[in-house]
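Sequence positions in the sequence shown follow full-length UniProt numbering and run 1 to 196.
Backbone N, C-alpha and C define an ideal beta-carbon position, used for all residues, glycine too.
These numbers come from a predicted model, not from an experiment.
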Amino acid sequence: MNQAAILDFPLSRRLKTATAEAHAGLDARIMKASPFASRERYGRFLQMQHGFHRDVADIYADERIAVLLPDLRSRCRLADIEADRADLGLDLGMNASSRPSPGEGLGERLGWLYVAEGSNLGAAFLIKEAAKLGLNADFGARHLAGHPDGRGLQWRRFQEAMDGAGFGEAEEAHAIAGACAAFARVRLLADQAFSS
Ligand code: HEM
């Protein structure tokens, strides 16, 4: 497909296309590490999730984004991850690497948010795997639970908010760069969490 045609796509589609390879690599990396083979392995997955959701937590309090997505604050899953940690009696220390910043730019922050919100879709599959370890939406796998309105609807609302943001080409490019940086960050956290 030529570049001009891709530029005509809505931002949500451009983000998906630009990050498809990073997502596939991350998915394979995580699954190869058998995160659901035991609660100990799952704890490592939780560590990765904790690192990433801590990185993006501030974005859920960004008033500029709340204008586009009124339920923004309630979408943040950091508290659920911390509750999952407490359920399992895990101490998730700070990650060794220095924390990257999603920056202050709206486009870049929306790109990071895209990665965090999109990960809720894959979570539909992951929570079924977690169930085999006795974990569920009320214990240990709270952060993988779907929204009461359904994951699909939540995701469509997010896509509509992004696509309706009225971004120009430069800001869309920032969003794509932000999403790529976020996937690189999660990949680093996965490599650290599953290094042994
Ligand atoms: C082994 C782990 C993972 C699996 C099996 C997985 C699986 C999936 C699946 C099946 C979808 C598409 C669902 C649909 O279209 O209905 C999806 C979407 C997505 N996932 Fe993952 N995922 C995993 C991990 C992650 C992680 C760790 C992140 C980022 C932190 C992530 C970010 C995304 C994003 C951004 C989308 C939305 C793509 C789009 O439609 O624009 N995934 N995932």
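Assumed close pair residue i, residue j - CB separation to whole angstroms, cut-off 8 Å
i, j, result
"Leu72", "Tyr60", "6 Å"
"Val115", "Val67", "Contact doesn't hold; Cβ gap of about 21 Å is too wide."
"Leu106", "Glu171", "7 Å"
8 Å Cβ cutoff met for residue i and residue j
i, j, result
"Met48", "Leu189", "yes"
"Ala26", "Ala175", "Note on identity: in this sequence residue 26 is Leu, with Ala being the wrong assignment. For Leu26 and Ala175, no; Cβs fall outside 8 Å."
"Gly178", "Arg99", "no"
"Leu144", "Ile127", "yes"
"Ala33", "Phe183", "no"
"Glu40", "Arg75", "no"
"Ala83", "Arg44", "no"
"His53", "Arg85", "no"
"Leu11", "Asp191", "no"
"Tyr42", "Ala130", "yes"
"Gln154", "Asn120", "yes"
Exposure label - residue i; buried when at least 16 CB within 10 Å
i, result
"Pro70", "exposed"
"Phe139", "exposed"
"Phe36", "buried"
"Glu104", "exposed"
"Ser196", "exposed"
"Arg64", "exposed"
"Ala28", "exposed"
"Asp8", "exposed"
"Ala165", "buried"
"Gly51", "buried"
"Ala161", "buried"
"Gly134", "exposed"
"Asp55", "buried"
Enclosing alpha helix (DSSP H) for residue i [first to last residue]
i, result
"Leu188", "169–193"
"Ala28", "11–32"
"Gly150", "Note, Gly150: premise wrong, no alpha helix (DSSP H); not H, not E."
"Ile81", "78–88"
"residue 233", "Because the chain is modelled from 1 through 196, residue 233 falls outside the range shown and cannot be assessed."
"Asp55", "39–56"
"Ile65", "63–68"
Check: residue i C-beta below 7 Å from any heavy atom of the ligand SAM
i, result
"Ile30", "As far as ligands go, the structure on display features the ligand HEM and does not contain the ligand SAM."
Examine the Cβ distances between the stretch 10–23 and the stretch 137–153 and report whether three or more of them are shorter than 8 Å.
-> no
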